[in-house]
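J.:
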Amino acid sequence: MISFEEYRDIVSELMDELPDEFFRELSGGVVASEATVIPDYAQGNDLFTLGKYQIFSRVRQITMYKGSFDRVYPHADAGEAREILRGVLRHEIRHHLESMGGIHDDSSLEAADEREKRTYLSKHSLP
Numbered sequence: 094m095i096s097f098e099e100y101r102d103i104v105s106e107l108m109d110e111l112p113d114e115f116f117r118e119l120s121g122g123v124v125a126s127e128a129t130v131i132p133d134y135a136q137g138n139d140l141f142t143l144g145k146y147q148i149f150s151r152v153r154q155i156t157m158y159k160g161s162f163d164r165v166y167p168h169a170d171a172g173e174a175r176e177i178l179r180g181v182l183r184h185e186i187r188h189h190l191e192s193m194g195g196i197h198d199d200s201s202l203e204a205a206d207e208r209e210k211r212t213y214l215s216k217h218s219l220p
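Quick note on numbering: my numbering labels position 55 of the sequence shown as 148, and the sequence is numbered without any gaps.
1. If you drop the 5 nearest sequence neighbours on each side, which residues of the same chain put their C-beta closer than 6 Å to that of R175?
2. Please state whether the Cβ-Cβ distance between Y158 and T142 is less than 9 Å.
3. According to DSSP, simplified to helix, strand and coil, what is F141?
4. Using alpha carbons as the reference points, say which of D133, S96, M108 lies closest to G122.
5. Name the two residues that bound the continuous beta strand (DSSP E) containing Y153.
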């Protein structure tokens, strides 16, 4: 398991891979948190939020959750963590870019996430 400092450093290095304009108006920046986050619709301890794009009080922010990462990938070394976190960060950046562009149709990541949520719930609902 990587340390919080390693996690934070990896996230920072992954941000450096992306063009500066992707971070325009991301006024809250990208924050590494030690929290473990379970979505409110989860049916048990089988689903964790690895990253989240949020808009609150005009602040746009991405939070990356190390506690959740540790629960899903407890044996990931730094190299594995880098590859996984690259995908998570780019997922959240896409949410930001689509939000900035006003993209909320069926082709959006927001819509895809909602479809995944419905699929998860349909598999976990009582017969």
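Glycine included, each C-beta is placed from N, C-alpha and C at the ideal position.
T.: The relevant details are as follows:
1. Residue 175 sits at position 82 when you count from the first residue of the sequence shown. Non-local C-beta neighbours of R175 in its own chain, meaning closer than 6 Å and more than five positions away in sequence, comprise I103, ordered along the chain.
2. Taking the first residue of the sequence shown as position 1, residue 158 is located at position 65. Taking the first residue of the sequence shown as position 1, residue 142 is located at position 49. Yes, these two residues count as a Cβ contact at 9 Å.
3. Counting from 1 along the sequence shown, the entry for residue 141 is found at position 48. Coil.
4. Looking up residue 122 in the sequence shown gives position 29. Checked all of D133, S96, M108; the closest Cα to G122 is M108.
5. Along the sequence shown, read from residue 1 onward, the residue named residue 153 stands at position 60. As written in the sequence, residue 153 is Arg, which differs from the Tyr given in the question. For R153, the enclosing beta strand (DSSP E) covers residues 152-158.
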